[in-house]
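Undergrad:
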Amino acid sequence: MGLRKGLMAELDHASEDATVFMKPGGLVAPAAVDDIGHYLVVLDGQVPPRRIALDHLPLTVGRASPPADLVLAGGDVSRRHCTFDLDGDRLVVTDLGSTNGTFVEGERLASPAILQDGVLLRIGAHDLRYERRSRRDIALSEELDKDLEQAQQYVLAVLPPPLTTGPVQVDWVYVPCARLAGDAFGYQRVDARTFTGFVFDVSGHGVSAAVHAVAVANVLRQQALPGVDFRDPSQVLCSLNSMFQMDTHNELFFTVFYWVFDLETRLLTYCSAGHHPAFLMPPGGGEPAPLWTRNPAAGMMPDRAYSAASTTVPPGSHLYLFSDGAFEIETADGKQWGLDDFLPLLRDSTGTAAGEPQRLYAAVRKVARPGPLDDDFSAVVIAFP
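For the sequence shown, our numbering gives the first residue as 13, with consecutive numbering after it.
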């Protein structure tokens, strides 16, 4: 399943399980923009967080309206699950004898609890965060979110469709984080016998990183490096490094893995610049082989030579490429993951490219703490039949 299809599926799923704010009497005029408001942020990990203003208190949470004012879908949410109300200027949550309980920072409520700014709650299968924020700050934050969404769409436009047939088959998933980082990837056939591809990660977050990622991706897609043989990874990375020096590009640099596959010889030539290894899974499963060359990130050191390496690819092999956002995560129990924690997921390979990136994402989401990941999640799986 490709990105657009994957995102549509996620959005459809989100709409089915969506949090719906319902209150008799219709809309109420908002309070002054410079006072303090109470908010619940719904963290489902699939789409950007949804912020709900608690302007009408007390508020009852449940799975149906009536009696609930805030509806959370799911059979593990009781009809009248919990309620939120104010004690002075402090927000208090009270469980209403729900079957599965209301949890604050992992502890099941036995009595009403005063909420501190930033605490995590769990109601059924839903994770929420409480925020006490200035309404003016919220308005500014929502404007920034719109800018980030536009930048995200800009990045999506340069990503290629999956390849489901042919001598090289590719599937992928790309899930941007809440702040939007600088991941991008691509692949294309450059002549009758040669496929090339890349994955890279721009330093930093936000619109500038995303725009820089699009610029680099377009150069590679359009083969817009004068005098460069795109079948030679060393030449490509040397030229990219010269073109995108950080002192002339807002101090941004990027790590990159660039590969070339010869359909006749089955030779895979590759060059990495500051990027962690790609992993080649042999046919029939087994231990994935790391593919990596020791070079600095692109944009950091001018006039740098980049070394490449090569390996022969047996029929039925798969190449795994991913960004560090796939493994640099915080788990639900507070552990910081690294590459060694992620690699066992590759050993559970399905033996096909189709759906494999989505499997990896689901496995990471299962162990990650609630809410969006801290960095973009990009995973590309290439099959060599």
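All residues carry an ideal CB built from backbone N, CA and C; glycine is no exception.
Model, not experiment: these values are computed from the prediction.
In the DSSP assignment, the beta strand (DSSP E) including residue 214 goes from what residue to what residue?
TA: Counting along the chain, the beta strand (DSSP E) containing residue 214 begins and ends at 206-214.
Undergrad: Let me know if residue 370 comes out buried or exposed under the rule of 16 or more other beta-carbons within 10 Å of its beta-carbon.
TA: The residue is buried, with at least 16 neighbouring Cβ atoms inside 10 Å.
Undergrad: Report the residue from 309, 372 and 361 whose alpha carbon sits nearest the alpha carbon of residue 338.
TA: Minimum Cα distance to residue 338 is reached at 372.
Undergrad: Which partner residues of residue 200 appear in the DSSP bridge assignment?
TA: Its beta-bridge partners are 208.
Undergrad: For the pair the region 200-220 and the region 272-289, tell me if three or more CB-CB distances fall below 8 Å.
TA: In short, these stretches touch, since the Cβ pair count reaches three.
Undergrad: Closest by CA to residue 361, which one among 319, 236 and 296?
TA: The shortest Cα separation from residue 361 among 319, 236 and 296 belongs to 296.
Undergrad: Which residue from 222, 300 and 280 puts its Cα closest to that of residue 262?
TA: That would be 222, whose Cα lies nearest to the Cα of residue 262.
Undergrad: Quick one: residues in its chain with C-beta nearer than 7 Å to the C-beta of residue 407, no 5 flanking neighbours on either side, listed in chain order?
TA: Residue 407 is absent from the model: the chain starts at 13 and stops at 397.
Undergrad: Based on the DSSP secondary-structure assignment, which residues constitute the bridge partners of residue 394?
TA: The partner list for residue 394 (beta bridge, DSSP) reads 182 and 331.
Undergrad: Rounded to whole angstroms, what is the Cα-Cα separation between residue 309 and residue 123?
TA: The straight-line gap from Cα to Cα measures roughly 54 Å.
Undergrad: Whose C-beta lies closer than 6 Å to the C-beta of residue 120 among residues of the same chain, with five residues either side of it excluded?
TA: Counting only Cβ-Cβ distances below 6 Å, and skipping sequence neighbours, we find 113.
Undergrad: Helix, strand or coil for residue 35 per DSSP?
TA: Residue placement at residue 35 cannot be trusted, given a pLDDT of 41 that sits under 50; the coordinates are not used to answer.
Undergrad: How should residue 118 be labelled, buried or exposed, when 16 other C-beta atoms within 10 angstroms of its C-beta is the threshold for buried?
TA: By the 10 Å Cβ count, residue 118 comes out exposed.
Undergrad: So, under 8 Å CB-CB, residue 127 and residue 383 are touching, yes? Tell me the CB distance rounded to an integer number of Å.
TA: Contact flag wrong, Cβ pair sits at about 17 Å.
Undergrad: For residue 142, which beta-bridge partners are listed by DSSP?
TA: BP columns for residue 142 point to 52.
Undergrad: So residue 400 and residue 150 are supposed to be a Cβ contact under 8 Å. How far apart are they, rounded?
TA: Residue 400 cannot be examined here, being either before or after the span of the chain that is shown, 13 to 397.
Undergrad: Out of 125, 169, 385 and 293, which has the shortest C-alpha to C-alpha gap to residue 335?
TA: Taking only the C-alpha atoms, the option nearest residue 335 is 385.
Undergrad: Do the region 353-360 and the region 283-298 make contact, defined as three or more Cβ pairs closer than 8 Å?
TA: Result yes; three or more Cβ-Cβ pairs closer than 8 Å.
Undergrad: So, residue 176 versus residue 375, is the Cβ gap smaller than 8 Å?
TA: Not closer than 8 Å, so no.
Undergrad: Taking the alpha carbon of residue 240 as the point to measure from, which residue in 288, 216, 224 and 202 has its own alpha carbon closest?
TA: Measuring from the Cα of residue 240, the nearest candidate turns out to be 202.
Undergrad: Ignore the nearest five residues each way along the sequence and tell me which others in residue 315's own chain have a CB closer than 8 Å to its CB.
TA: Hits under 8 Å: 254.
Undergrad: In its own chain, which residues sit with a C-beta less than 7 Å from the C-beta of residue 349, not counting the 5 before and 5 after it?
TA: Around residue 349: 339, 340, 341 and 343.
Undergrad: What is the DSSP secondary structure of residue 258, reduced to helix, strand or coil?
TA: Helix.
Undergrad: Return yes when the Cβ of residue 265 is within less than 8 Å of the Cβ of residue 215, no when it is not.
TA: Yes; because the gap between Cβ atoms is below 8 Å, this pair is in contact.
Undergrad: Please confirm whether residue 198 and residue 172 have their CB atoms less than 8 Å apart.
TA: Yes. Within cutoff.
Undergrad: Report yes if the CB atom of residue 77 is closer than 8 Å to the CB atom of residue 83, and no otherwise.
TA: Yes.
Undergrad: Count the other CB atoms within 10 Å of the CB of residue 68; is the residue buried (16 or more) or exposed (fewer)?
TA: When all chains shown are included, residue 68 counts as exposed.
Undergrad: Considering only the beta carbon of each residue, do residue 96 and residue 132 sit closer than 8 Å?
TA: The answer is no: Cβ separation not under 8 Å.
Undergrad: Might you give, ordered along the chain, the residues of its own chain that have their beta carbon closer than 6 Å to the beta carbon of residue 328, omitting 5 neighbours on each side?
TA: Closer than 6 Å at the Cβ level, and outside the excluded window around residue 328, lie 295.
Undergrad: For residue 111, which residues in the same chain have their Cβ closer than 8 Å to its Cβ, ignoring the five residues on either side in sequence?
TA: Around residue 111: 88 and 90.
Undergrad: Tell whether a beta-carbon distance below 8 Å holds between residue 257 and residue 311.
TA: Against a cut-off of 8 Å, the Cβ pair of residue 311 and residue 257 comes out as a contact.
Undergrad: If contacts are defined as beta-carbon pairs under 8 Å, then residue 267 and residue 195 qualify, I think. What distance do you get, rounded to the angstrom?
TA: With 8 Å as the limit, residue 267 and residue 195 do not qualify as a contact, their Cβ atoms being about 10 Å apart.
Undergrad: Alpha carbon to alpha carbon, what distance is there between residue 317 and residue 246?
TA: Cα to Cα, residue 246 sits roughly 8 Å from residue 317.
Undergrad: Using beta-carbon positions only, say whether residue 355 and residue 292 come within less than 8 Å of one another.
TA: No, they are not a contact pair.
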